[in-house]
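Each remark here refers to the structure printed beneath this line.
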Amino acid sequence: MKQKLVVIGNGMAGMRTVEALIESAPDLYDITVFGAEPYGNYNRILLTPILYGEKRIDDIMIHDFAWYRKHHITLHCGPGKTVVDVDRNRRRVIAKDGTEATYDRLLIATGSLPLILPIPGRDTEGVMSFREISDVEAMIAKSLSKRHAIVLGGGLLGLEAANGLKQRGMNVTVINRADHLLNRQLDNEAGDLLKSQLEAKGLRFELGCTIENIISRNGHISEVELNNGSSLPADLLIMATGIQPNIALAKAIGLDCEQGIVVDDAMQTSDSDIYSVGECVQHRGELFGLVAPVYEQAKVCARQLTHRTDSRYQSLLPATRLKVTGIDLFSAGDFNGGEQCEQIVFKDPALHIYKKLVIKNRRIAGIVLYGDTGDSAWYLDCLKSRTDISPYRDCLIFGRPPLPIAA
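Numbering-wise (the numbering used here), the sequence shown opens with residue 244 and increments by one.
The structure is reproduced here in structure tokens:
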């Protein structure tokens, strides 16, 4: 008899786990998946090209319905299939519409929720997040008849939303509390370069401030008031201020939760029959929002589910590779530096290229690359391996040194 695996969450983390599982042990489990959206597993990172019309929904599907059928996976998807309870004693999962499934092993991959700030007026029509296909469809519909868009948040998601709405013909202003864009991934210099390039594309920015009030007219957003005393017309407001782990179900069924669902190195929760992966988890105090660590968690979890118990998850060195509106960016380590650090910097404003290496004790401690990320993998290897860069320090900023010519 096959064991029964139930997966709560039909997103990238859960399905990456299932994909790895069926590649290594296709006959080990009968698999049932519950998802709250009426689609297969799609690449959430590619929602922006849908927003500005470059791709269709079918183009971003990682696993379409045919894939589930091919691998004999039972998929329950749509709003009514949202899991609302888990009876841990009877090992039974219950969905909103009453659909049930029993399990021997349960995988919770409920992901994250958009962080909606408690701003007065946030519940008015025209205020939304940018997280799901339905959000993109709503944004496209608004852009057909509305003119002024405000994006709150100068991170990757906010900038991608702003670029998409601009390409839809809207006047777009990005508001960011920090004084430069992508402040978690870039230093001030690179952030300023990015701002200049995006302004050249027609985007506007209000930095070092935030929204303190949302004004509506006839039930629809019409204006936002900023904490610097100014106000802006607004027909649409996108909240892109971050994410928070979706742990409501896990808390309700009594699993150990802090900021996320607490998991150990085997991706097990406080219940040894329940695993968890993705943006909903907390591992050794760390939360996750990037694809690379989530996919590594999925690999470890799949191995654990196939009884390869020597596999353990270890946090990856934070490294960010991004493409923002066509601009390549990379950062890793302590790129701001500090005492006992020195910096090697290369700038070419005409080509929009900026590189900074932070050096500490003859080793790379931090990296920022803007516009030219070709040497990012080598720099990251040097950082991880703590390579002594003294022999080629003078040319380090220009990338990997050439191999010596054989005599």
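Glycine included, every Cβ here is placed at the ideal spot set by N, Cα and C.
Bounding residues of the alpha helix (DSSP H) (the contiguous stretch that carries residue i)
i: residue 308; result: 308-313
i: residue 297; result: Here residue 297 belongs to no alpha helix (DSSP H), and DSSP marks it neither H nor E.
i: residue 622; result: 619-628
i: residue 601; result: Looking at the DSSP string, residue 601 is not in any alpha helix (DSSP H); the run it does join, the beta strand (DSSP E), is 596-603.
i: residue 400; result: 399-410
i: residue 438; result: 431-443
i: residue 267; result: 255-267
i: residue 492; result: 491-495
Bounding residues of the beta strand (DSSP E) (the contiguous stretch that carries residue i)
i: residue 609; result: 606-613
i: residue 466; result: 463-469
i: residue 348; result: 348-351
i: residue 319; result: 317-320
i: residue 651; result: In the structure as shown, the chain begins at 244 and stops at 650. Residue 651 is therefore absent and cannot be evaluated.
i: residue 520; result: No beta strand (DSSP E) holds residue 520; DSSP gives it neither H nor E.
Rounded distance between the beta-carbons of residue j and residue i, thought under 8 Å
i: residue 466; j: residue 477; result: 6 Å
i: residue 605; j: residue 631; result: 5 Å
i: residue 469; j: residue 369; result: That belief does not hold up - the Cβ atoms of residue 469 and residue 369 are roughly 17 Å apart, past 8 Å.
i: residue 246; j: residue 271; result: 7 Å
i: residue 284; j: residue 321; result: So it is not a contact: roughly 14 Å between Cβ atoms.
i: residue 424; j: residue 408; result: 16 Å between Cβ atoms; not a contact.
Buried versus exposed call for residue i [16 or more other C-beta atoms within 10 Å across all chains shown]
i: residue 649; result: With a pLDDT of 45 at residue 649, under the threshold of 50, the predicted position of this residue should be treated as unreliable, though the coordinate-derived value follows. Flag for residue 649 reads exposed.
i: residue 439; result: exposed
i: residue 461; result: exposed
i: residue 444; result: exposed
i: residue 428; result: buried
i: residue 491; result: exposed
i: residue 495; result: exposed
i: residue 387; result: exposed
i: residue 430; result: buried
i: residue 583; result: exposed
i: residue 361; result: exposed
i: residue 403; result: buried
i: residue 619; result: buried
i: residue 251; result: buried
i: residue 384; result: exposed
i: residue 327; result: exposed
i: residue 493; result: buried
Local conformation of residue i per DSSP, three classes
i: residue 534; result: helix
i: residue 382; result: helix
i: residue 282; result: coil
i: residue 339; result: coil
i: residue 578; result: coil
i: residue 244; result: coil
i: residue 345; result: strand
i: residue 510; result: coil
i: residue 556; result: coil
i: residue 525; result: strand
i: residue 357; result: strand
i: residue 648; result: A caution first: residue 648 carries a pLDDT of 43, below 50, which makes its placement in the model unreliable, though a value can still be read off. It is coil, neither helix nor strand.
i: residue 460; result: strand
i: residue 375; result: coil
i: residue 452; result: coil
i: residue 389; result: coil
i: residue 416; result: strand
i: residue 474; result: strand
Next on the checklist: Check whether the stretch 511-518 and the stretch 457-476 touch, using three or more Cβ-Cβ pairs below 8 Å as the test.
Outcome noted: Counting Cβ pairs under 8 Å, fewer than three are found: no touch.
Checklist entry - Quick one: any contact between the stretch 521-536 and the stretch 499-509, if contact means 3 or more CB pairs under 8 Å? => result Touching, per the Cβ criterion.
Checklist entry - Using 8 Å as the Cβ pair cut-off and three pairs as the minimum, do the stretch 280-298 and the stretch 555-562 touch? => result The stretch 280-298 is not in contact with the stretch 555-562.
Checklist entry - Is the stretch 409-416 touching the stretch 441-456, taking contact as three or more C-beta pairs under 8 Å? => result yes
Item to check | the stretch 531-548 touching the stretch 585-593, judged by at least three CB pairs closer than 8 Å | outcome: No, they do not touch.
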